[in-house]
Structure formats: C-alpha cells, structure tokens
Amino acid sequence: MSGRGEGGEGGERRGGSDRRSIVAAVLAGACILAGAPAGPGGGAGAQQVRTAVLPDSATVGDVVRAAVWIDLPAGWRVAFADSLAASDTLENAGKRQLTQRAGQRGGVEVAAAYPVTPWRTGDLSLPSVRLRVVGPGVDSVIDAGFPRLHVHSVLPADTSKQLPKPPRDVLGADRLLWPYILAALLALLLLALLAWWLWRRRRRRGAIVVTPIEDAIAPRDRAIRELDRARAAGLLESGEVKAFYSRSTDAVRRYLAELDPAWGADRTTSELIPRLRALDLGVAAALARLLDRSDLVKFARLRPSQGEAFTDWAELRRWVESFPEPRPAESEPARGAEVRAA
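Heads up: the sequence shown is residues 234 to 575, going by the working numbering.
If you want it as structure tokens, here you go:
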C-alpha cells in the first residue's frame with residue numbers, strides 16, 4: 234500500500250499548478266480548522282492526524298472535500314486509501330488529491346483530500362479513511378474519522394405555494410430549431426439536384442438513340458446517317474476499334490436487309506457475298522474485302538491503326554452511296570399499265 238501511495242503522490246506532482254493550488258488551499262484550511270483527532274489509532278507514536286470537512290455545510294449535490302492531515306517524523310511513510318466508502322447518501326466526486334511539504338524537525342506533513350457529494354439532507358456522518366503508517370520498527374493502521382457534514386435542501390423553505398410545471402416536450406423553448414430546418418432544406422436541395430441530373434442524363438441518352446420520323450427516311454440515307462454516327466461517337470479516339478467496325482458494318486448489313494430480305498443482316502459474309510455477285514461482281518468484291526477486314530478485327534483481334542480504320546469506314550460509306558439499288562419487282566408492271574392507259 235505504501236508503494237501505491239507514493240505513486241499517487243508522484244501522479245499528483247505531475248498535475249497542473251492550478252490543481253496543486255486548490256488542494257493546498259483546502260488542506261491548509263484543514264490544518265487550521267482540523268476538527269477531530271484520528272479515532273482509535275490516532276495516538277500511535279509521534280504521528281499527529283487531523284481531519285476536517287470543507288466546507289462544513291453544503292446543499293444536496295454540492296462537492297465538498299474531506300481532508301486528512303498527518304505529521305510524520307523523518308524516514309516515515311504513509312499510504313492513504315484511494316477513496317471513501319460510498320453509500321446511498323454519499324458518493325465520491327473525483328480522484329483523491331495528495332500534497333506534501335516539509336515539516337518540523339526534518340519531518341514531512343502529508344495531506345489527502347477526498348471530493349464527495351452528499352445526496353440527503355441533515356447531519357451526515359462521513360465514513361472514516363484508513364491510513365497505513367510505516368516507520369522504523371512500526372507498521373500501524375489508523376482509521377481517521379471526519380466531523381459531521383450538515384446538508385441543506387436545494388428547495389426553498391416554503392414550497393406550499395409553488396405549483397408543479399407541466400411536462401415539456403423533447404424540443405423545448407430552450408432548443409434552437411433553425412439548425413434542423415436548415416439541414417432539412419439542404420437535404421431537399423441535394424435531392425432535387427440529383428433528380429435533375431438524372432433526368433438530364435436520361436434525356437441526353439434518349440436524344441442520341443431516338444431519331445424522329447426514322448421510318449420516313451430512305452434506306453440509303455438511313456445507312457449513311459448510321460455510318461456518320463459511328464464516326465462521330467469518338468470510338469476511334471477512345472481506342473474502341475472493335476466497336477467502331479461493328480457499328481459501321483452493322484449499318485451496311487441493315488441497309489442491305491431493308492433492300493432485300495435475302496440479304497438479311499443475320500447472314501454471314503460467306504452467305505451474303507454470293508447473293509450480291511448476281512447483281513454486280515465488282516460491287517460484291519469491294520464489299521467482301523471490307524467485311525472480311527471487319528471480321529478480322531472483330532474475331533481475329535486485328536488491330537489496325539486509326540488512319541486505317543478511318544479509310545475502311547470511308548470506303549464503306551462510298552460503297553453505300555454508289556450501290557446500285559435494285560428496283561422493286563412491281564414497278565415495271567405498274568409502268569406498263571400506265572403506258573397502255575395512255
């Protein structure tokens with residue numbers, strides 16, 4: 234216990250100067266106003282033990298200090314209890330505070346202060362504090378008692394005319410509401426901005442995909458427009474060469490499928506080219522070369538340069554512009570009928 238007491242003293246010496254000043258003032262008052270001697274063990278040897286309660290009266294809930302002070306000869310040591318025994322009428326309100334100064338004849342004066350809070354009115358008896366004193370040939374235990382503490386009520390003397398207050402809501406008049414209102418408005422503003430951004434994004438995507446009066450455009454014009462969109466999408470600049478070739482050749486295949494279902498977009502290159510040769514060998518050969526190159530890019534991982542890819546796209550566009558579209562089968566009989574009618 235003596236080792237713990239010395240450790241406590243070292244911890245208090247490392248505290249702030251303000252705390253030391255307060256404790257020194259309290260214990261100085263304890264020395265002057267020392268009430269009771271130490272109890273049964275108070276006369277042990279040359280030790281003088283005194284106690285005091287500062288202040289000696291308080292109201293319920295206040296913090297008072299129970300101080301104990303002891304004179305020790307040179308070479309003697311003392312260990313104090315860490316706290317007073319708590320009860321339903323008294324509780325500890327802080328850590329024990331120790332001070333030490335030089336005494337007479339080479340001895341020391343050691344004092345301890347215990348902050349406590351009373352919770353019942355009337356004259357309260359504080360529990361005694363145990364000290365262990367160790368000296369040459371002496372190892373004794375002293376139970377030091379404290380004077381009684383008079384506790385006043387926090388209520389006025391006459392409460393008969395005071396009416397109880399009605400229950401208050403959680404957010405009473407002393408609470409500020411404007412921070413909560415401001416936070417709610419800010420959250421609504423953020424939600425509105427998010428909804429507006431999502432609407433603009435969806436609208437922008439829809440503007441790229443949906444084309445007005447698309448059905449009224451001729452197949453050749455529609456194919457050229459799709460090729461121009463593939464070029465303007467920035468796929469080459471972003472390195473998506475495979476996607477660029479896919480969009481370009483898909484536009485040509487849809488164009489041929491619109492002209493003749495036999496040239497459907499689901500046919501492979503080897504199935505499509507023989508059907509075009511019946512129309513024009515040169516036109517079929519030019520398209521075969523471009524489709525074969527596109528198939529190499531899509532399936533054989535051919536990586537053409539940006540310039541080569543643009544050249545292939547330009548040849549596909551010229552091929553669509555110059556392709557000799559077959560006339561509908563019913564156009565000839567209709568023209569003959571008009572001639573006979575004339």
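Note that beta-carbon positions come from the ideal geometry of N, C-alpha and C, so glycine has one too.
Spatial neighbours of residue 317 in its chain, beta-carbon cut-off 8 angstroms, leaving aside the 5 residues before and after: 299, 323, 325, 347, 349, 359, 360 and 362
Residue nearest to residue 493 in terms of C-alpha spacing, selected from 509, 409 and 481: 509
Length-filtered (4 minimum) alpha helix (DSSP H) runs lying within the stretch 351-423: none
Inter-stretch contact (C-beta, 8 angstroms, three-pair minimum) for the stretch 453-463 and the stretch 523-532: no
Beta-carbon proximity check, residue 375 vs residue 343, cutoff 8 angstroms: no
Cβ neighbours of residue 513 in the same chain (closer than 7 angstroms, five flanking residues each side left out): 557
Residues near residue 309 by beta carbon distance below 6 angstroms, same chain, minus five either side: 368
Cβ neighbours of residue 475 in the same chain (closer than 7 angstroms, five flanking residues each side left out): 530 and 531
Assumed close pair residue 287, residue 297 - CB separation to whole angstroms, cut-off 8 angstroms: 7 angstroms
Backbone secondary structure at residue 502 - three-state DSSP: helix
8 angstroms Cβ cutoff met for residue 382 and residue 289: yes
Which of helix, strand or coil DSSP assigns to residue 313: strand
Which of helix, strand or coil DSSP assigns to residue 348: strand
DSSP-derived helix/strand/coil call for residue 264: Confidence at residue 264 is low in this model, with a pLDDT of 45, below 50, so the placement of that residue should be treated as unreliable; the coordinate-derived value is given next. Correct three-state label for residue 264: helix.
CB-CB length for residue 345 against residue 334, believed under 8 angstroms: 13 angstroms between Cβ atoms; not a contact.
Option nearest residue 535 by Cα separation, candidates 396, 504 and 473: 473
Reference residue 450, options 488, 519, 283 and 388, closest by Cα: 488
Alpha carbon of residue 471 to alpha carbon of residue 412, nearest angstrom: 48 angstroms
N- and C-terminal bounds of the alpha helix (DSSP H) containing residue 482: 474-492
Cβ separation of residue 431 and residue 543, assumed to be a contact under 8 angstroms, to the nearest whole Å: No, residue 431 and residue 543 are not in contact; Cβ-Cβ is about 35 angstroms, not under 8 angstroms.
For residue 530, the first and last residue of its enclosing beta strand (DSSP E): Careful: residue 530 lies outside any beta strand (DSSP E), inside the alpha helix (DSSP H) at 514-532.
Nearest candidate by alpha-carbon position, reference residue 602, set 491, 522 and 500: Residue coverage of the chain in this structure runs from 234 to 575, which leaves residue 602 outside it and unanswerable.
Distance, residue 353 Cα to residue 242 Cα: With a pLDDT of 42 at residue 242, under the threshold of 50, the predicted position of this residue should be treated as unreliable, though the coordinate-derived value follows. Roughly 32 angstroms between the two C-alpha positions.
Which of helix, strand or coil DSSP assigns to residue 303: strand
Coil, strand or helix - residue 560 by DSSP: coil
Residue range of the beta strand (DSSP E) that includes residue 284: 281-287
Buried versus exposed, by CB contacts within 10 Å (16 or more), residue 377: buried
Cβ-based neighbour list, residue 550, same chain, cut-off 7 angstroms, excluding 5 preceding and 5 following: 457 and 460
Residues bridged to residue 342 (per DSSP): 304 and 334
For residue 433 and residue 537, the rounded distance between their alpha carbons: 36 angstroms
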